[in-house]
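First comes the structure, then the notes that go with it.
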Amino acid sequence: MYEENVKKCIALAMGAVMLMPVTAFAAEDEPTLISTQEVALSPSGANTRSAETKEFTLSTYEDNGRTVYSFDVEDEEYRQAAMEYINELTGDPGPTPQTRGILQPGESEYHNDTQYDGDAMSYAWKRNTAGQTDNNFEGGQSSLWSGSGNCDYIVLNQGISVSGIAVSISWPPSVSGSGSSASWQSQPVYDNVAGASFNGLVVGGTAFSCTFSENGDVYVGSRIYRPTTTIKFSYFS
């Protein structure tokens, strides 16, 4: 395995990098409502004043190959709790000791990131599990508006950029193709808290690194808040 990776590095140094053309995927169809349910939340975060548990409506959609979650939470004290609930729905395991760098088949690596832009917040997590000849990614993202009043809407974005030799990207079920980069964008979510899953992404070929950039564009009046998370997997460090 070590000798094979050394050969890959030599090939890169000799200029043998062959990246496929960029392919981008964007949401085109209206999202399909899967379900709505009432969820009991307790306020969380440093600025909470109430200990009262309240119920809020969680809507689940299918949006061009992604499961999207939308929380109708007008009360500012409960938005952080709603975001954490969405993270659990996407399967976020939280940081655990895992292998970093070059992965043997079956080994996994986890990263997460949190970013702010004014009163908007974005969070993302990713886990890569190595296969025999590819890398298999799963994860999720969430965004919220923590300012006073309600935002107009949130648009979720997911993107990946891969460097390597003859890499390919498969992003089922309805967004798939090959290339060195791909992206997905949700339809507008008209709530203060939103999130989406990130599953079924397979990167084939000889990947040297995979970088994920995700954000929730939070629209409030004439302003757009864009906290952007960045997660990078590197296979030679």
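Under the numbering used here, think of the first position of the sequence shown as 63, with each following residue one higher.
Beta carbons: idealized from backbone N, C-alpha and C, even for Gly.
Remember, it's a predicted structure, so these values are computed and weren't measured experimentally.
Those runs of the alpha helix (DSSP H) which lie wholly inside the stretch 88-171 and span at least 4 residues:
Contiguous alpha helix (DSSP H) elements confined to the stretch 88-171 occur at 141-151, taking only those with 4 or more residues.
Between the C-alpha atoms of residue 184 and residue 99, what's the straight-line distance to the nearest angstrom?
Using only the alpha carbons, I get a separation of about 24 angstroms.
What number of angstroms, rounded off, separates the C-alpha of residue 199 from the C-alpha of residue 205?
Spanning the two alpha carbons is a distance of roughly 20 angstroms.
So for residue 279, helix, strand or coil by DSSP?
Residue 279 sits in a strand when the DSSP states are folded into three classes.
Looking at the unbroken beta strand (DSSP E) that takes in residue 196, where does it start and where does it end?
Taken as a continuous stretch (DSSP letters only), the beta strand (DSSP E) holding residue 196 covers 196-207.
Spatially closest choice to residue 255 from 214, 156, 175, by CA coordinates
Checked all of 214, 156, 175; the closest Cα to residue 255 is 214.
Figure out for me which residue from 148, 228, 128, 178 has the closest Cα to the Cα of residue 120.
Nearest of 148, 228, 128, 178 to residue 120, Cα basis: 148.
Could you check whether the Cβ of residue 212 sits closer than 7 angstroms to any heavy atom belonging to the ligand GTP?
Absence of the ligand GTP from the depicted structure is noted, as is the absence of any ligand whatsoever, leaving it without description.
With distance defined between alpha-carbon atoms, name the residue in 277, 210, 157, 221 nearest to residue 135.
With distances taken between Cα atoms, residue 135 lies closest to 210.
Expressed to the nearest angstrom, what Euclidean distance is found between the alpha-carbon atoms of residue 282 and residue 177?
C-alpha separation (whole angstroms): 18 angstroms.
According to DSSP, residue 266 sits in a beta bridge with which residue or residues?
For residue 266, which the question treats as bridged, DSSP gives the partners 196, 230.
Beta bridge counterpart(s) of residue 287 as assigned by DSSP
Residue pairing by DSSP places residue 287 opposite 280 in a beta bridge.
Applying the 10 Å Cβ sphere with the 16-neighbour rule, what's the burial state of residue 157?
With fewer than 16 other Cβ atoms from the protein chains shown falling within 10 Å of its own Cβ, residue 157 counts as exposed.
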